[in-house]
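Working notes, beginning with the structure itself.
Residue numbers (our numbering): 5 to 253.
Below, the structure is given as structure tokens:
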């Protein structure tokens, strides 16, 4: 039995649907792009890693994409400008941060971004401007996952997180499944000293007066969030030889 041939009219409709779908996919792809991190300041010893280059010294003006890894040495730091994916993140001394994902998509109404940072060691500070409803900005640490929107923050890999302005939603990895800890401006999230103790839970308390944070400021003319200057490295200590009484060479 022969299969009846499709009419030219049916084929024309099918072809129109295929071309329309292809065009929509092309438009979506054209509007989606990877974000990037531009290095705005470097002090001391700072390096970055990519699968192509391995570890290399980080310099002002370097542009990094998703999957890059950055680490700072003793008395060192760096500022990253993420543009619409941030905009600003600062790495303090002895910090390792992965740029797991930086993406943005222009929908015609909003810019939808996804920023996923992996704080493996140390401390970062940053600010996040108000985001579209579908956007995501998250920081992962060994103890927590933080959802951030329109916030100035200081997050440490040891689990202590401060909110300067705005708020965080923190999920404690060793806590009850689905437990959320909202942290608002002027508050600090503190994990338990030992997460293996049964019933040990984090606390959210006011930020203490002696927990001095480096407050972020905004430059209104170009909407660039700028963090205060990095502190200068300490002066090297002079060693006096006990034999000669003169500075050692």
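Ideal placement from N, C-alpha and C gives every residue a C-beta, glycine not left out.
Given the structure is predicted, the values throughout are model-derived calculations rather than measurements.
Nearest to residue 184 by C-alpha distance, out of 173, 72, 194, is 173.
The alpha carbon of residue 131 has as its nearest neighbour, out of 112, 63, 157, 148, the alpha carbon of 157. Residue pairing by DSSP leaves residue 212 without any beta bridge partner. Per DSSP, the continuous beta strand (DSSP E) segment holding residue 38 begins and ends at 36 to 38. Secondary structure in the region 43 to 82: the beta strand (DSSP E) runs of 3 residues or longer, each lying completely within the stretch, are 50 to 54, 58 to 61, 73 to 76 in chain order. Counting along the chain, residue 169 sits inside the beta strand (DSSP E) bounded by residues 165 to 176. Cβ-Cβ distances below 6 Å link residue 141 to 119, 132, 152 in the same chain, with the five nearest sequence neighbours on each side left out; the list follows chain order.
The residue among 107, 193, 84 with its C-alpha nearest the C-alpha of residue 166 is 193. Rounded to whole angstroms, the separation of the alpha carbons of residue 112 and residue 126 is 38 Å.
At least 8 Å separates the beta-carbon of residue 52 from that of residue 86. Restricting attention to 164, 116, 178, the CA atom closest to the CA of residue 212 is found in 164. Within 10 angstroms of the beta-carbon of residue 83 lie 16 or more other beta-carbons, which makes it buried. Taking C-alpha positions only, residue 188 is separated from residue 136 by approximately 20 Å. Residue pairing of residue 186 in beta bridges, as defined by DSSP: 173. Cβ contact annotation for residue 134 (same chain, cutoff 6 Å, sequence separation greater than five): 154, in chain order. For residue 158, the beta-bridge partners assigned by DSSP are 129, 166. Judged by beta-carbon spacing, residue 143 lies beyond the 8 Å limit of residue 108, meaning their Cβ atoms are not closer than that value. A straight-line Cα-Cα distance of about 19 Å links residue 150 and residue 96. Per DSSP, residue 192 is one residue of the beta strand (DSSP E) stretching across 191 to 194. Taking 8 Å as the cut-off, the beta carbon of residue 64 is found no closer than this to the beta carbon of residue 40. Under the DSSP assignment, residue 181 falls outside any beta strand (DSSP E); it carries neither an H nor an E label. Here the alpha carbon of residue 204 sits roughly 33 Å from the alpha carbon of residue 77.
At least 8 Å separates the beta-carbon of residue 70 from that of residue 123.
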